[in-house]
Amino acid sequence: MAEHRGGCHCGNLRVSLRLSQPPEAVRLRACGCSFCRAHNTRTTSDPNGAAEIDAADWGLVQFYRFGTGTAEFVICRRCGVYIGAIGDCGVDGKPSMRAVINTNCLDDRAAFTATPAPTDHDGENTGDRLARRAANWTPATIHRPD
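For the sequence shown, this note's numbering assigns the number 34 to the initial residue and increments by one for each residue that follows.
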């Protein structure tokens, strides 16, 4: 599994994304929500991969919720970079943290060459949203203190 590292501009947030396929074969998404459009995101996930998010100073990390409030969008308060979204998808009644990563924050972002596919999840009910994320988002470990 290939590992891709990156983080925010100031270096406070760090991300590691392990994918089961090469970056040029990875499907990229261009979410149509106003938040993602404002950040010009190119996100990806791999249900067979793994993601890790860590911070030098968690006090400088903003967890932003909007819409259905079922995911936290991870943003550095110092430099403003959005690195991805996380959420507990509750697989088989057990906690299951999942993530989608903004490939623009990865050091090798240029290797992700697919044209982002427009996505729109407006009107999706909460149960369907969590099931979609459980099936498609990347299993994640968030190294934040309790």
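Glycine included, each C-beta is placed from N, C-alpha and C at the ideal position.
Nearest CA to the CA of residue i: which residue from the options?
i: asparagine 73; options: Val107, Ala144 and Tyr115; result: Tyr115
i: phenylalanine 106; options: Glu157, Phe68 and Thr159; result: Phe68
i: threonine 103; options: Ile175, His176, Arg47 and Gly160; result: Gly160
i: glycine 82; options: Asp90, Cys122 and His37; result: His37
i: glycine 92; options: Asn169, Arg110 and Glu157; result: Arg110
i: alanine 167; options: Pro55, Cys43 and Pro80; result: Pro80
i: serine 53; options: Asn169, Pro178 and Arg177; result: Asn169
i: alanine 88; options: Cys41, Glu157 and Asp155; result: Cys41
i: serine 129; options: Arg165, Pro178, Phe145 and Gly156; result: Arg165
What is the residue span of the alpha helix (DSSP H) that residue i lies within?
i: glycine 160; result: 159–169
With C-beta atoms as the reference, is residue i less than 8 Å away from residue j?
i: isoleucine 134; j: serine 78; result: yes
i: glutamate 57; j: alanine 147; result: yes
i: threonine 174; j: arginine 75; result: no
i: arginine 51; j: alanine 150; result: no
i: glycine 39; j: aspartate 153; result: no
i: threonine 171; j: alanine 132; result: yes
i: glycine 117; j: leucine 163; result: no
For residue i, write down the residues that DSSP places opposite it in a beta bridge.
i: asparagine 135; result: Thr76
i: glutamate 33; result: No statement about residue 33 is possible, as the shown extent of the chain runs from 34 to 179 and does not include it.
i: cysteine 69; result: Its beta-bridge partners do not exist; DSSP assigns none.
i: valine 94; result: Cys109
i: aspartate 121; result: Met130
How many Å lie between residue i and residue j at the Cα?
i: glycine 113; j: glutamine 95; result: 9 Å
i: isoleucine 108; j: lysine 127; result: 27 Å
i: aspartate 90; j: valine 48; result: 14 Å
i: alanine 84; j: alanine 35; result: 12 Å
Can you tell me where the beta strand (DSSP E) holding residue i begins and where it ends?
i: serine 49; result: 46–52
i: arginine 62; result: 62–64
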